[in-house]
Structures are given as C-alpha cells and as structure tokens.
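Visitor:
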Amino acid sequence: MSRDSVRYGRVPKRSRERSTDEISRVTTTDADQSDNETKQLAVYDIILTVSQAHHANCGFTEEHTRHLVRKSLSVPPTTSPDDGEVATSTADSLEQQKCWLWQQFAANVTPCVQRVVEFAKRVPGFCDLGQDDQLILIKVGFFEIWLSHVARLTSNTSMVFDNGITVTRQQLEIMYDVDFVASIIHFANTFNALALNDTELGLFSAVVLLTADRPGITDVKTIEHHQDKLIEAFKVQVGRNHGSEPQIFSNLLIKLPELRNLGTKHTSHLDWFRVNWTKLTLPPLFAEIFDIPKCEDDLQ
C-alpha cells in the first residue's frame with residue numbers, strides 16, 4: 053500500500069473488488085431470504101384460508117361430531133296390497149326399499165351440497181375460473197369430497213350423516229351393491245388411519261376439488277397451477293403435524309386415485325336413478341348435482 057493511499061484514504065483496487073463481491077453476496081442472500089419469507093407467508097395464507105373455509109362449511113368437523121346424537125334411519129312404511137292381493141315379488145319389495153332408502157339418503161346428503169359450494173368459493177383460485185369449469189369441478193368432485201368427510205363417521209357396520217342419522221351397511225348394500233359398499237368402507241378405514249385433523253382434511257378436500265382433468269374442463273393449466281399451490285400447502289401442514297411419519301403425505305396422495313375410482317363407480321350406480329327417476333321424489337339440488345332428471349313439480 054502506498055503512502056498516498058494512507059494519506060488520502062484510498063482503498064486498493066483488490067480490496068474494493070472484494071468488498072463489492074461481499075456486498076453483492078449479502079444483498080443476494082437478503083433478497084433470497086425475503087423471497088423465501090414471502091413464499092412461506094403465501095403458503096400459510098393458503099392454509100389459513102382453506103382451514104377457515106372448511107370449519108365454516110363442513111358438518112363433519114371434530115367439534116361438530118364430538119357430541120353428535122346418533123339416530124337410526126326409520127324403517128320404511130309398508131304398503132298393503134291392493135284388492136286383497138298378497139303382494140309383490142321379492143324383487144319388487146327390494147326395489148321399493150331401494151327407492152325409499154335412496155330418497156332418505158338424498159335428503160340427508162343434499163344439505164352438504166350447498167356447504168361444499170360455499171367451501172369451494174373460498175378455496176384460493178377457484179373463483180378465478182370460468183363458471184362452466186367451476187360447475188364441473190363441483191358436480192364431479194362433490195361425492196369424492198363428501199366421502200372424505202363422512203369417512204370420519206363410517207365404520208364396518210354403518211355410516212352416519214352429519215345430522216346423526218345412521219344408515220346400516222345392509223341398507224347401503226341395498227342402495228348400491230356389496231362390492232361397492234366394501235370399497236367405501238375400506239377407503240374410510242384406511243383414510244381414518246392417517247389421522248388427519250380438520251385443517252388437513254380441508255386442504256385434502258381443496259386438492260380434490262381442483263382436479264384439472266375432469267371431463268369437460270377447459271382451463272386446465274390454471275387449475276393445475278392452483279392445485280399445485282394447494283398441494284404444497286397441504287404438504288407443509290402434514291409435515292408440521294406428522295413430522296415423525298414422513299410416509300403420511302405420500303400415502304395421502306395415493307388416496308386421490310382411489311377416491312376418484314370410487315367417484316366413477318358412484319356415477320355408474322346413479323344410472324339406476326336416471327332410468328327410475330319417475331319412481332323417486334328427490335331434492336332438486338341433489339338431482340342437479342348428479343344430473344338426474346326431475347319432474348316439473350319438483351322444481352316448483
């Protein structure tokens with residue numbers, strides 16, 4: 053270092069370059085840290101928003117179900133044969149039971165439709181979509197979302213609605229069939245084993261809702277973008293609560309195709325409705341969500 057450097061306070065070129073590099077590194081580190089913090093805040097905002105939406109619009113939360121009073125589904129009324137004739141065949145009797153059970157089932161499920169609609173409106177990104185895509189996501193995803201909720205109150209012998217009404221396994225088998233009911237119960241048992249809390253269940257429901265490859269969807273990329281954010285938030289939340297069980301998140305993702313398969317099979321079962329709709333009186337909203345024809349009188 054020259055005497056002039058000391059006298060006039062000048063810094064050698066090499067030192068100036070080193071200081072500039074250090075400042076640049078610090079600035080970059082600060083920017084990266086700020087960016088990471090912004091991303092974390094965005095993730096936590098998604099978690100909070102979805103959690104609040106779920107608690108406000110789900111009848112199967114831990115708080116709601118804790119003191120739920122369970123009530124058996126009443127026995128269907130029997131009809132006397134006309135003109136003193138003794139009755140109908142076993143097949144006719146089973147069909148009457150099936151019609152009656154489906155009407156009870158529809159009446160108990162229908163309130164959940166509006167709750168899922170209200171939940172969907174608060175899921176980040178959902179309202180950015182066109183109305184046609186919104187409608188498809190709700191109509192196709194409703195049963196899958198509802199099944200993930202009712203799983204909490206499903207056992208090997210029964211299913212309980214959020215109002216406490218209980219339908220037995222045998223009654224479900226009359227409505228559907230033995231194999232489909234077994235699949236539902238298997239899903240419920242294995243899903244419950246993952247022990248999700250309400251916030252996690254809300255995030256899972258949001259991921260199910262924003263499934264981009266539903267038939268008829270047009271804005272696939274936007275839906276995928278929003279679902280990716282939800283999956284990231286879901287992963288963070290699961291990691292916080294199940295840190296000692298790293299396999300939980302991957303097990304949850306495996307549940308998505310299983311749930312979708314159940315939704316597809318359920319749609320096939322509803323074909324019976326579309327053939328026999330004149331024999332049933334269904335809530336208009338239930339008929340609408342599942343594309344079942346309805347009488348003009350039902351629309352009044």
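Note that our numbering has the sequence shown beginning at 53, numbered continuously upward.
Beta carbons: idealized from backbone N, C-alpha and C, even for Gly.
With three or more C-beta pairs closer than 8 Å as the rule, is the region 258-274 touching the region 223-231?
Guide: In short, these stretches do not touch, since the Cβ pair count stays below three.
Visitor: If you draw a straight line from the alpha carbon of Lys366 to that of Trp324, how long is it in whole angstroms?
Guide: Any property of residue 366 remains undetermined from this structure, which presents the chain solely from 53 to 352.
Visitor: By DSSP, does Ser124 sit in helix, in strand, or in coil?
Guide: In the sequence shown, the residue the question calls residue 124 occupies position 72. Residue state, collapsed to three classes: strand.
Visitor: Relative to the alpha-carbon of Thr333, which residue among Ile188, Leu308, Phe157, Gly111 has its alpha-carbon at the smallest distance?
Guide: The count along the sequence shown starts at 1 and reaches residue 333 at position 281. Nearest option by C-alpha distance: Phe157.
Visitor: Which of the three DSSP states is assigned to Ser320 in this structure?
Guide: Walking along the sequence shown from the start, residue 320 turns up at place 268. The answer is helix: DSSP assigns Ser320 an H, G or I state.
Visitor: For Ile283, tell me which candidate among Phe256, Arg204, Pro309, Thr274 has the shortest Cα-Cα distance.
Guide: Position 231 of the sequence shown, counted from the start, is the residue given in the question as residue 283. With distances taken between Cα atoms, Ile283 lies closest to Phe256.
Visitor: So for Val212, helix, strand or coil by DSSP?
Guide: Start at 1 with the first residue of the sequence shown, and residue 212 comes out as number 160. Strand at Val212.
Visitor: Per the DSSP calculation, Val219 is bridged to which residue(s)?
Guide: Here residue 219 corresponds to residue number 167 of the sequence shown, with the count starting at 1. Answer is Met211.
Visitor: Whole angstroms is fine: what's the gap from Ala105's alpha carbon to Ser145's?
Guide: Looking up residue 105 in the sequence shown gives position 53. Looking up residue 145 in the sequence shown gives position 93. One C-alpha to the other measures close to 43 Å.
Visitor: In chain order, what residues of the same chain have a beta carbon less than 7 Å from the beta carbon of Glu170, not counting five sequence neighbours either side?
Guide: If you number the sequence shown from 1, residue 170 lands on position 118. The answer, listed in chain order, is Asn109.
Visitor: Would you decide whether Ala203 is buried or exposed? Buried here means 16 or more other CB atoms lie within 10 Å of its CB.
Guide: To locate residue 203, count along the sequence shown from 1; it is residue 151. With 16 or more other Cβ atoms within 10 Å, it is buried.
Visitor: Under a three-way DSSP split, which group does Thr263 fall into?
Guide: Taking the first residue of the sequence shown as 1, we reach residue 263 at position 211. Residue state, collapsed to three classes: coil.
Visitor: Could you compute how far the alpha carbon of Ile217 sits from the alpha carbon of Ile197?
Guide: By 1-based counting over the sequence shown, the position of residue 217 is 165. By 1-based counting over the sequence shown, the position of residue 197 is 145. If I take the Cα positions, the gap works out to 19 Å.
Visitor: What is the DSSP secondary structure of Thr330, reduced to helix, strand or coil?
Guide: Sequence index remark: in the sequence shown, residue 330 carries index 278 (1-based). Helix at Thr330.
Visitor: What do you get for Gln289, buried or exposed, if any count of 16 or more other CB atoms within 10 angstroms of its CB means buried?
Guide: In the sequence shown, the residue the question calls residue 289 occupies position 237. Gln289 should be labelled buried.
Visitor: Based on DSSP bridge pairs, tell me the residues matched to Thr206.
Guide: In the sequence shown, counting from the first residue as 1, residue 206 sits at position 154. For Thr206, DSSP records a beta bridge to Met211.
Visitor: By Cβ distance below 6 Å, which residues in the same chain neighbour His321 in space, the five residues on each side in sequence not counted?
Guide: For the purposes of this step, residue 321 is taken as the residue at position 269 of the sequence shown. Same-chain partners within the cutoff: Tyr228.
Visitor: Can we say the region 256-265 touches the region 179-193, given the rule of at least three CB pairs closer than 8 Å?
Guide: yes
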